[in-house]
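Asker: Protein sequences, first through last, are from chains H and V. Take the first sequence: its letters are residues 0 to 149, numbered as in numbering that gives the first Met the number 0. Take the second sequence: its letters are residues 0 to 149, numbered as in numbering that gives the first Met the number 0. For each residue, glycine too, the CB sits at the ideal point set by N, CA and C. The model shown is predicted, which means the values in this text are computed figures rather than measured ones.
Number of protein chains: 2
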Amino acid sequence: MFPLPVPMRAALDAARLAAAEGEVPVGAVVTLEGVVIATAANAPRRLNDPTAHAEMLAMRAAAQALGRDRLENCDLWVTLEPCAMCAGAISHARVRRVYYGAADAKGGAVEHGPRFFGQPTCHHRPEVYPGIGAAESADLLRGFFAARRL
Amino acid sequence: MFPLPVPMRAALDAARLAAAEGEVPVGAVVTLEGVVIATAANAPRRLNDPTAHAEMLAMRAAAQALGRDRLENCDLWVTLEPCAMCAGAISHARVRRVYYGAADAKGGAVEHGPRFFGQPTCHHRPEVYPGIGAAESADLLRGFFAARRL
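1. What separation, rounded to the nearest whole angstrom, lies between the Cα atoms of V:PHE116 and V:HIS123?
2. What ranges does the alpha helix (DSSP H) occupy inside the region 96 to 147 of chain H, keeping only unbroken runs of at least 4 residues that lie completely in it?
3. Answer yes or no: does any C-beta atom of chain H fall closer than 8 Å to that of V:ALA37?
4. Between the alpha carbons of V:PHE144 and V:ARG44, how many angstroms are there, rounded?
5. Consider the Cβ of V:THR73: report whether some Cβ of chain H lies at a distance smaller than 8 Å.
6. If you drop the 5 nearest sequence neighbours on each side, which residues of the same chain put their C-beta closer than 6 Å to that of V:ALA101?
7. Using a Cβ cut-off of 8 Å (strictly closer), state whether V:PRO113 contacts chain H.
8. State the DSSP-derived secondary structure class of H:GLY66, mapped to helix, strand or coil.
9. I believe V:MET58 touches V:VAL29 by the beta-carbon criterion, under 8 Å. Please report the beta-carbon distance rounded to the nearest angstrom.
10. Could you check whether V:LEU56 and V:ALA39 sit closer than 8 Å to each other, using their CB atoms as the reference points?
11. Run through DSSP, which three-state label would V:GLY33 get?
12. Along chain H, in chain order, which residues have C-beta atoms closer than 8 Å to that of V:ASN41?
13. Which chain V residues sit within Cβ distance under 7 Å of H:ARG59?
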C-alpha cells in the first residue's frame with residue numbers, strides 16, 4: 000500500500016467529521032499548487048441547504064479565499080464520486096484536476112449516470128483520477144449506513 | 000398573449016437586476032403553495048462563487064427560510080433552462096415543479112446535454128414546464144451579450 004496523498008487524508012478526516020454530525024460521510028479539499036486552501040464536510044442537514052455537499056462547500060470556500068469565481072489551477076480532492084450538481088459546479092469553477100475516492104453507482108455523475116464530463120455540452124473537463132482512498136471512503140460510508148439501519 | 004404568472008415576472012425582474020450588476024441575466028423564484036418564499040439573481044462574479052446561479056441562490060434561501068434541507072411541495076421558476084449543477088440541486092431539494100423560460104442549447108441539462116431528469120440514476124424528477132416567459136428571457140440574454148460585444 001502506498002500512503003494516501005495528504006489532501007485525500009484531510010478529505011477523509013472531513014468525511015469522519017460529517018459522520019459525527021449525522022451527515023453522510025463525504026469530505027472534500029481544494030488545493031492550489033499543492034497547498035490546501037479549503038476543506039469541507041458534507042452538511043446539507045446541519046446547514047439546511049440541499050446544495051451543501053462537501054465539494055460545493057470546499058469550492059465555494061476556495062473561491063472566497065481567492066477572491067474570484069473560478070478555481071483555475073486548483074485541484075479538488077473528494078472522498079466520493081461527484082454527483083451531477085457537483086460535477087456541473089466543477090466545470091463552472093474550471094477546476095484543473097479531480098481526485099476522488101469511492102465510486103458511486105447510485106448518484107455519481109462522472110463514471111456513472113450522465114457521465115457529465117463526457118457530455119458534448121460540458122464546457123470544461125478536468126483531468127479525473129478515481130479510486131484514491133476508495134477503500135477508506137467506502138468503509139466510512141458502509142459503517143455510517145450500517146449504524147443507521149440498527 | 001396570456002399574462003405571465005407572477006413568479007415568472009418576479010424571476011424576470013431578478014434577471015434584469017443581474018444584468019445591471021454585469022452578471023448574465025438569469026433570475027429565479029421559489030414558491031410554496033403559490034406564495035413567493037425566495038427570489039434570486041445570478042451572481043457568481045459579484046459573490047466570487049462559481050455555484051451562485053440564480054436557481055441555487057433561490058433554493059438555498061428557500062431552504063433557509065423553511066429551516067430544512069428539502070423543498071418538498073415547492074416550485075422553482077427560472078428564466079433559463081437549468082444547467083447540470085442546478086438540475087442536480089433541484090433533485091436533491093425534491094422540488095415539485097420547475098417552470099422555466101428560454102431553452103439553453105449550450106448549457107442546459109433538462110432538454111439538452113445530459114437531460115438529467117431522464118437519467119436512470121436521477122433520484123427525483125420534478126414536473127417540468129418549459130417556455131414560460133421564454134421570449135422575454137431570451138430578449139434579456141440577447142441584449143446583455145450584444146452590449147458586451149460592442
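Answerer: Inspection of the coordinates gives the following:
1. Numbered from its first residue, the second sequence carries residue 116 of chain V at position 117. Numbered from its first residue, the second sequence carries residue 123 of chain V at position 124. Approximately 8 Å between the Cα atoms of the pair.
2. none
3. Along the second sequence, one-based indexing puts residue 37 of chain V at 38. No, V:ALA37 lies away from the interface with chain H (no Cβ there is under 8 Å from its Cβ).
4. Locating residue 144 of chain V in the second sequence gives position 145, where the first residue counts as 1. Locating residue 44 of chain V in the second sequence gives position 45, where the first residue counts as 1. So the two alpha carbons sit approximately 16 Å from each other.
5. Within the second sequence, the letter at position 74 stands for residue 73 of chain V. As written in the sequence, residue 73 of chain V is Cys, which differs from the Thr given in the question. No - not a single Cβ of chain H is within 8 Å of the one on V:CYS73.
6. As a first step, residue 101 of chain V is located in the second sequence; it is residue number 102 there, counting from the start. Once the five neighbours on either side are set aside, the close Cβ partners of V:ALA101 are LEU79, ALA133, SER136 and ALA137.
7. Taking the first residue of the second sequence as 1, we reach residue 113 of chain V at position 114. Yes, V:PRO113 lies at the interface with chain H (some Cβ there is under 8 Å from its Cβ).
8. Looking up residue 66 of chain H in the first sequence gives position 67. Three-state result, H:GLY66: coil.
9. Counting from 1 along the second sequence, the entry for residue 58 of chain V is found at position 59. Counting from 1 along the second sequence, the entry for residue 29 of chain V is found at position 30. About 6 Å separates the two Cβ atoms, so the contact holds.
10. Taking the second sequence and counting its residues from 1, the one referred to as residue 39 of chain V is at position 40. Taking the second sequence and counting its residues from 1, the one referred to as residue 56 of chain V is at position 57. Their beta carbons are under 8 Å apart, which means V:ALA39 touches V:LEU56 by this criterion.
11. As a working note, residue 33 of chain V is residue 34 in the second sequence. Coil at V:GLY33, not helix or strand.
12. Counting from 1 along the second sequence, the entry for residue 41 of chain V is found at position 42. Result: empty, since nearest Cβ-Cβ is about 11 Å, beyond 8 Å.
13. Residue 59 of chain H sits at position 60 when you count from the first residue of the first sequence. Correct list: ASP48 and THR50.
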